[in-house]
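> For reference, the structure I am asking about is given below.
Protein chains: 2
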Amino acid sequence: MVWLTFAITYIDSNRIPKKNMAFEKVTREQDYSKWYNNLVVNADLAEHSAVRGCMVIKPYGFAIWEKMKEELDRRFKETGHSNAYFPLFVPKSLFEAEEKNAEGFAKECAVVTHYRLKTDPDQAGKLIVDPEARLEEELVVRPTSEAIIWSTYKGWIQSYRDLPILVNQWANVVRWEMRTRLFLRTAEFLWQEGHTAHATEQEAREETQMILDLYAEFAETVLAIPTIKGSKTENERFAGAEDTLCIEGLMQDGKALQMGTSHFLGQNFAKAFDVKFATKEGKQEYVWASSWGVSTRLMGALIMTHSDDEGLVLPPNLAPIQVVVVPIYKGLEQLDEITEKIQPMLDALKAKGIRLKFDNRDTHKPGYKFAEWELKGVPLRIAIGPRDLANGTVEVARRDTKEKELLQMTDLENKVEHLLEHMQKDILLKAQDHMDNHITTVSSWDEFKEVLENKTGFISAHWDGSLETEQKIKEETKATIRCIPFDKELVGLEGVCVYSGKPSKGRVLFAKAY
Amino acid sequence: MVWLTFAITYIDSNRIPKKNMAFEKVTREQDYSKWYNNLVVNADLAEHSAVRGCMVIKPYGFAIWEKMKEELDRRFKETGHSNAYFPLFVPKSLFEAEEKNAEGFAKECAVVTHYRLKTDPDQAGKLIVDPEARLEEELVVRPTSEAIIWSTYKGWIQSYRDLPILVNQWANVVRWEMRTRLFLRTAEFLWQEGHTAHATEQEAREETQMILDLYAEFAETVLAIPTIKGSKTENERFAGAEDTLCIEGLMQDGKALQMGTSHFLGQNFAKAFDVKFATKEGKQEYVWASSWGVSTRLMGALIMTHSDDEGLVLPPNLAPIQVVVVPIYKGLEQLDEITEKIQPMLDALKAKGIRLKFDNRDTHKPGYKFAEWELKGVPLRIAIGPRDLANGTVEVARRDTKEKELLQMTDLENKVEHLLEHMQKDILLKAQDHMDNHITTVSSWDEFKEVLENKTGFISAHWDGSLETEQKIKEETKATIRCIPFDKELVGLEGVCVYSGKPSKGRVLFAKAY
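If you read the sequences in order, they're chains A and B. The numbers in the working numbering rise by one with no breaks, and the one at position 381 of the first sequence is 437. The numbers in the working numbering rise by one with no breaks, and the one at position 145 of the second sequence is 201.
Printed below as a string of structure tokens:
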């Protein structure tokens with residue numbers, strides 16, 4: 057296997073990765089979870105750190121996240137939002153102000169209690185927490201920023217003229233998860249959180265919906281991931297929200313993944329922090345709110361939607377490197393010749409705005425390079441050797457379909473541009489097909505269990521609307537209600553609950569989920 | 057005063073700002089420190105938060121910081137660096153590995169000791185730290201990331217082929233400062249920290265110098281702030297560094313401000329974390345390192361270098377809004393007319409890539425708008441009323457010199473472009489003049505004290521090179537050695553120490569500093 061010969065890999069053991077260890081190739085079919093972890097580490101996306109549950113996002117993985125940020129940030133700004141920055145720490149008294157929110161996050165909070173270390177009198181060179189530097193009030197490391205932000209908005213809002221406030225923050229947050237997985241669930245993660253304040257309920261609800269649509273459009277256009285839009289059940293709502301809207305993606309293994317949420321917060325935080333405004337008529341009213349976010353979890357969704365047993369598959373719109381050019385040569389003289397001859401081609405590709413890498417490393421063989429860029433998901437590989445030079449051709453290989461073709465160098469930049477556009481569409485179509493084929497309408501409890509275990513994917517089923525049934529289904533099958541879809545066709549007409557036999561107002565989507 | 061009539065201000069009291077309070081205008085001469093704080097808050101740059109020593113960076117202030125980030129990030133990438141992300145937390149055992157570094161930061165560390173809150177059994181709705189959720193090992197909130205990063209690099213580096221590693225991180229860091237000031241000294245701040253690993257001492261030293269030059273070029277070109285490059289004395293070095301290079305700016309009040317540092321770390325962190333590599337010859341050697349950073353402190357430098365009693369002055373290359381267009385009108389009909397007529401002018405300005413705002417708010421009078429944009433430092437203001445429309449002119453006002461002139465609308469975009477370029481140069485020149493006039497060579501101790509107290513600024517004086525003299529001078533005058541300048545002319549020839557009379561190898565720069 058080519059794979060085994062070139063592998064410079066990081067294996068997660070003792071938290072700190074070690075290099076060049078034996079590396080066993082695992083396919084999705086053999087062990088999906090292990091395949092995922094190997095891919096994340098081997099494609100240089102991320103690795104576990106020395107800190108329990110926290111990851112290091114490596115340069116290549118971070119470049120992909122940066123591209124996601126750039127695309128989202130532009131969309132936020134185009135829709136009137138500005139970025140700002142609020143403190144990492146939330147004083148405990150502020151944190152507990154909105155009770156449901158506090159209750160929801162209290163069990164997984166990192167808490168700062170001291171502000172100084174001192175030399176350990178018993179051990180030279182060691183430090184201990186200085187017991188005299190205890191904080192009067194403990195600080196919670198933000199798991200989300202509603203509390204600190206609404207305590208700030210109180211100072212910003214007096215009248216309807218100060219509204220709306222449309223602010224976003226790119227930040228790190230911490231939720232002390234017991235079981236962690238790279239990108240999908242880590243104690244610290246990176247995200248954006250929007251926090252908006254409005255004069256009317258309608259405006260806040262419209263913002264909540266607009267952002268959900270923005271997320272879905274971004275997922276589809278940039279990540280090439282189709283999603284289902286809907287609202288969460290009361291049980292699955294964000295702590296402190298009146299309504300949580302979500303986009304749900306479907307991974308290759310048939311499990312769902314929540315990719316973004318947008319919350320209508322009603323006046324809950326305005327009441328908790330006493331944020332009122334004077335209306336045009338001079339009345340004092342509480343402010344209406346939304347909050348919304350996506351996180352580095354999207355990296356997990358990206359990997360599990362498109363990748364294959366050879367590694368990552370990146371949609372061209374997201375790829376930090378869209379095209380890699382690999383010279384095939386013997387001796388540096390031949391490399392110089394190739395480099396000189398293809399320079400106009402490289403320039404033309406760059407002039408088209410194509411993100412290009414010319415991999416002229418003399419330390420590695422072409423086979424190694426092919427496998428490395430395959431592993432890293434670069435959409436197009438162009439190989440060029442002496443025979444190609446003579447014929448005026450190059451070999452172009454697509455990462456997604458693994459198709460190869462010989463193309464004339466003439467006008468290559470336009471051919472490549474078209475190929476990249478096609479690939480973006482094809483990758484989305486493939487994911488769309490997979491999802492469409494994995495939404496199964498069931499009408500009996502046996503069928504529900506059968507589909508969940510064997511076919512997997514989303515199950516469209518009637519539910520009686522009760523928390524009790526929702527929880528029993530979860531206990532028995534591990535399936536949760538991913539959303540009450542907005543799509544009327546998915547909801548359908550009234551019926552009877554697949555579990556309890558009680559009346560149901562419409563179908564909802566169940567799935568096992570990450 | 058126009059100022060008093062329009063002020064919607066935030067005054068720092070009880071940490072949480074309140075709106076619309078009476079606001080007293082303070083000039084630089086009256087109270088420089090109060091002038092600074094008022095400006096930061098009133099120009100909507102930042103404010104104190106509910107968390108001790110932590111600030112909220114408001115949208116307008118954050119937009120300026122984003123522009124700084126963008127300009128720096130491009131420069132880092134052009135010089136071969138990639139971004140990555142490392143954990144917020146550093147386990148205490150890693151933190152203490154490099155002893156000098158640990159010692160340097162131990163006194164100002166926020167420490168996480170618990171990972172859960174629970175309901176207070178004695179008080180409904182309140183939370184307490186769950187004593188059963190104590191961490192086995194305390195986590196330090198990163199004050200800087202050398203420790204966590206070098207513990208990671210250990211896994212990345214095996215041979216010379218893995219070097220150099222050129223990585224940068226944009227992150228928040230926490231240093232528990234007792235006395236804080238917005239932007240200049242806050243418990244949490246935003247920064248970038250570069251961490252590079254090299255095979256040779258020379259390469260690491262060259263990187264350290266290259267980044268310092270990059271910082272100085274950025275400060276001059278973008279921020280319009282001239283700086284003096286030099287190296288720190290041993291006493292002022294970064295904890296854990298073998299050499300700290302710095303750029304020092306001079307504020308209007310004659311105090312210096314360290315604007316960026318670039319550290320040659322030798323093999324200190326490689327030794328602390330046992331990071332070795334195999335050389336081409338197969339020998340095992342410790343890796344050489346650099347680290348370097350600039351922070352939201354630059355916002356403070358920006359404000360204190362250029363601003364005046366009317367508010368912020370932004371160099372055009374940095375301004376989020378370069379040109380504001382204010383219509384002068386009576387009634388919405390006239391506004392519509394102006395809007396329609398100037399649309400081609402607005403389009404032409406935007407097409408030039410000029411960052412433009414058309415302030416057509418009908419809720420505020422032109423006088424209010426003039427003062428607001430003056431306060432916020434927008435470089436050019438274009439005012440246009442019915443008489444201008446008739447004459448085909450606009451009134452253009454420069455923020456820096458307050459000069460106004462009537463310009464024909466024809467070809468305005470080119471005139472504006474040239475004006476902005478001129479302003480960028482003029483603002484830099486003014487700051488350069490101020491600095492040049494405030495570097496005073498002294499040859500006696502009396503002269504030293506006299507200049508420090510009255511003329512202020514940098515004092516170029518002979519120093520005997522001893523820590524003792526350095527500390528005594530600091531105790532007696534509060535002046536510190538800002539740097540041993542690279543500029544040979546500033547250093548001059550050998551002489552005798554201005555304080556001790558002992559031999560000196562050359563002059564160094566003293567100043568009081570932020």
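For glycine and all other residues, C-beta sits at the position ideal for the given N, C-alpha and C. Predicted model, so just to flag it, every value in this text is computed and none were measured.
1. Once the 5 residues before and after Trp91 (chain B) are set aside, which same chain residues still bring their CB inside 8 Å of it?
2. Here's a check: name, in chain order, each residue in its chain whose Cβ is nearer than 8 Å to the Cβ of Arg411 (chain B), leaving out the five neighbours to either side.
3. Since Ser138 (chain A) sits in a beta bridge, which residues does DSSP pair it with?
4. Here's a check: name, in chain order, each residue in its chain whose Cβ is nearer than 8 Å to the Cβ of Thr466 (chain A), leaving out the five neighbours to either side.
5. First and last residue of the beta strand (DSSP E) that includes Ser207 (chain A)?
6. I'd like to confirm the pairing. Which residues does DSSP put opposite Ile440 (chain A) in its beta bridges?
7. Less than 9 Å between the beta carbons of Asn93 (chain B) and Arg237 (chain B), yes or no?
8. Judging by CA-CA distance, which residue of B:Thr419, B:Ala407 and B:Leu368 is the nearest neighbour of Val606 (chain B)?
9. Could you give the residue range of the beta strand (DSSP E) that holds Met111 (chain A)?
10. Can the beta-carbon of Ile303 (chain A) be found less than 9 Å from the beta-carbon of Thr361 (chain A)?
11. Output, in chain order, the set of chain B residues within a Cβ distance shorter than 7 Å of His170 (chain A).
12. Taking the alpha carbon of Ala535 (chain A) as the reference point, which residue from A:Gly387, A:Leu546 and A:Val507 has its own alpha carbon closest?
13. Excluding five sequence neighbours on each side, which residues of the same chain lie with their C-beta closer than 6 Å to the C-beta of Ile267 (chain B)?
14. Grouping DSSP H, G and I as helix and E and B as strand, with all else coil, what is Lys530 (chain A)?
15. Per the contact definition of three or more C-beta pairs closer than 8 Å, is the stretch 147–163 of chain A in contact with the stretch 107–116 of chain A?
16. What are the boundary residues of the alpha helix (DSSP H) that includes Val472 (chain B)?
17. Hey, is Met479 (chain B)'s beta-carbon within less than 9 Å of any beta-carbon in chain A?
18. Distance check for Ser522 (chain A) and Gly557 (chain A), CA to CA, integer angstroms please.
19. Below 8 Å on the Cβ atoms is my guess for Ala312 (chain B) versus Arg563 (chain B); work out the distance and round it to an integer in Å.
20. Near Lys397 (chain B), what residues of its chain come up, given a Cβ to Cβ distance below 6 Å and the 5 sequence neighbours on each side ignored?
21. Have a look at Met307 (chain A) and Ala569 (chain A) and give me their C-alpha separation to the nearest angstrom.
22. What number of angstroms, rounded off, separates the C-alpha of Leu240 (chain B) from the C-alpha of Leu358 (chain B)?
23. Determine whether the Cβ of Ser105 (chain B) lies closer than 9 Å to any Cβ atom of chain A.
24. Along the stretch 379–403 of chain A, where does the CB come closer than 8 Å to a CB of chain E? Name the residues.
25. Short check: CB of Lys288 (chain A) to CB of Phe294 (chain A), under 9 Å?
26. Would Ile113 (chain B) count as contacting chain A if we go by Cβ distances under 9 Å?
27. DSSP state of Trp519 (chain A), grouped into three classes?
28. Less than 9 Å between CB atoms is the rule here; does Thr419 (chain B) satisfy it with respect to chain A?
29. Taking Glu155 (chain B) as the query, report the chain A residues whose CB atoms sit under 7 Å from its CB, ordered along the chain.
30. Against Leu195 (chain A), what residues of chain B qualify as contacts under a CB-to-CB distance less than 8 Å, listed in chain order?
31. Quick one: what does DSSP say Arg237 (chain A) is sitting in, helix, strand or coil?
32. Tell me which same chain residues have a C-beta within less than 7 Å of the C-beta of Ala78 (chain B), skipping the five on either side of it?
33. So if I threshold CB-CB distances at 8 Å, which residues from the stretch 440–466 of chain B count as touching chain A?
34. In terms of residues, what are the limits of the alpha helix (DSSP H) holding Thr283 (chain A)?
35. Counting contacts by CB-CB distance shorter than 9 Å, is Ile204 (chain B) in contact with chain A?
36. Go ahead and pull the three-state DSSP assignment for Phe414 (chain A).
The relevant details are as follows:
1. The count along the second sequence starts at 1 and reaches residue 91 (chain B) at position 35. Excluding positions up to five away in sequence, the list reads Val82, Thr83, Arg84 and Asp365.
2. As a working note, residue 411 (chain B) is residue 355 in the second sequence. Excluding residues within five positions, the ones whose Cβ falls inside 8 Å are Ala375, Pro376, Ile377, Gln378 and Val379.
3. Here the question's residue 138 (chain A) lines up with position 82 in the first sequence. DSSP lists A:Val223 as partners of Ser138 (chain A).
4. As a first step, residue 466 (chain A) is located in the first sequence; it is residue number 410 there, counting from the start. Answer for Thr466 (chain A): Gly448, listed in chain order.
5. Along the first sequence, read from residue 1 onward, the residue named residue 207 (chain A) stands at position 151. No beta strand (DSSP E) contains Ser207 (chain A), which is instead part of the alpha helix (DSSP H) from Glu202 to Trp212.
6. What you label residue 440 (chain A) is simply residue 384 of the first sequence in a count that begins at 1. Bridge partners of Ile440 (chain A): A:Pro383.
7. For the purposes of this step, residue 93 (chain B) is identified with residue 37 of the second sequence, where counting begins at 1. For the purposes of this step, residue 237 (chain B) is identified with residue 181 of the second sequence, where counting begins at 1. The answer is yes: Cβ separation under 9 Å.
8. What the structure shows of chain B is the stretch from 57 to 570, and residue 606 (chain B) is not part of that stretch, so it cannot be assessed.
9. Start at 1 with the first residue of the first sequence, and residue 111 (chain A) comes out as number 55. First-last of the beta strand (DSSP E) with Met111 (chain A): Met111 to Ile113.
10. Position 247 of the first sequence holds residue 303 (chain A). Position 305 of the first sequence holds residue 361 (chain A). Cβ distance not < 9 Å, so Ile303 (chain A) and Thr361 (chain A) don't count as in contact.
11. On the first sequence, residue 170 (chain A) is found 114 positions in, with the first residue counted as 1. The answer, in chain order, is Val167 and Thr169.
12. Taking the first sequence and counting its residues from 1, one reaches residue 535 (chain A) at position 479. The candidate whose alpha carbon is nearest that of Ala535 (chain A) is A:Val507.
13. As a working mapping, residue 267 (chain B) is identified with position 211 in the second sequence. Around Ile267 (chain B): Ser318 and Trp348.
14. Along the first sequence, one-based indexing puts residue 530 (chain A) at 474. Lys530 (chain A): helix per DSSP, three-state reduction.
15. no
16. Translated into the one-based positions of the second sequence, residue 472 (chain B) becomes position 416. Note, Val472 (chain B): alpha helix (DSSP H), Leu468 to Asp492.
17. Within the second sequence, the letter at position 423 stands for residue 479 (chain B). Met479 (chain B) is outside the set of residues whose beta carbon lies under 9 Å from a beta carbon in chain A.
18. Taking the first sequence and counting its residues from 1, the one referred to as residue 557 (chain A) is at position 501. Taking the first sequence and counting its residues from 1, the one referred to as residue 522 (chain A) is at position 466. About 12 Å.
19. For this step, residue 312 (chain B) is matched to residue 256 along the second sequence. For this step, residue 563 (chain B) is matched to residue 507 along the second sequence. Taking C-beta atoms under 8 Å as the contact rule, Ala312 (chain B) and Arg563 (chain B) fail to qualify, at a distance of about 15 Å.
20. What you label residue 397 (chain B) is simply residue 341 of the second sequence in a count that begins at 1. Closer than 6 Å at Cβ, skipping near neighbours: Leu445.
21. The sequence position of residue 307 (chain A) within the first sequence is 251, counting from 1. The sequence position of residue 569 (chain A) within the first sequence is 513, counting from 1. Whole-angstrom Cα-Cα distance: 9 Å.
22. Taking the second sequence and counting its residues from 1, one reaches residue 240 (chain B) at position 184. Taking the second sequence and counting its residues from 1, one reaches residue 358 (chain B) at position 302. Near 11 Å, if we compare the C-alpha coordinates of Leu358 (chain B) and Leu240 (chain B).
23. Taking the second sequence and counting its residues from 1, the one referred to as residue 105 (chain B) is at position 49. It does; some Cβ of chain A falls within 9 Å.
24. Protein chains in the displayed structure are A and B, and chain E is not among them.
25. Mapped onto the first sequence, residue 288 (chain A) falls at position 232. Mapped onto the first sequence, residue 294 (chain A) falls at position 238. In this structure, Phe294 (chain A) lies closer than 9 Å to Lys288 (chain A) by Cβ.
26. Against the second sequence, residue 113 (chain B) aligns to sequence position 57. Chain A, which has a Cβ nearer than 9 Å to the Cβ of Ile113 (chain B), makes this yes.
27. Counting from 1 along the first sequence, the entry for residue 519 (chain A) is found at position 463. Of the three classes helix, strand and coil, the one that applies to Trp519 (chain A) here is coil, per DSSP.
28. Working through the second sequence from its first residue, we reach residue 419 (chain B) at position 363. Cβ-Cβ to chain A under 9 Å: yes for Thr419 (chain B).
29. Numbered from its first residue, the second sequence carries residue 155 (chain B) at position 99. Simply Gly181.
30. Counting from one through the first sequence, the residue named residue 195 (chain A) turns up at place 139. Those within 8 Å of Leu195 (chain A) in chain B are Val107 and Ala166.
31. If you number the first sequence from 1, residue 237 (chain A) lands on position 181. Here Arg237 (chain A) sits in strand by DSSP.
32. Your numbering for residue 78 (chain B) matches position 22 in the second sequence. Any reading at Ala78 (chain B) needs caution, since the residue's pLDDT is 40, under 50, leaving its predicted position unreliable; the model's value is listed next. Only residues of its own chain outside the window of five on either side were considered, and among them none has a CB closer than 7 Å to the CB of Ala78 (chain B).
33. Going along the stretch 440–466 of chain B in chain order, one finds no residue with a Cβ nearer than 8 Å to chain A.
34. Counting from one through the first sequence, the residue named residue 283 (chain A) turns up at place 227. From DSSP, Thr283 (chain A) is part of no alpha helix (DSSP H); its letter is neither H nor E.
35. As a working note, residue 204 (chain B) is residue 148 in the second sequence. Ile204 (chain B) counts as touching chain A.
36. Numbered from its first residue, the first sequence carries residue 414 (chain A) at position 358. Three-state DSSP puts Phe414 (chain A) in a strand.
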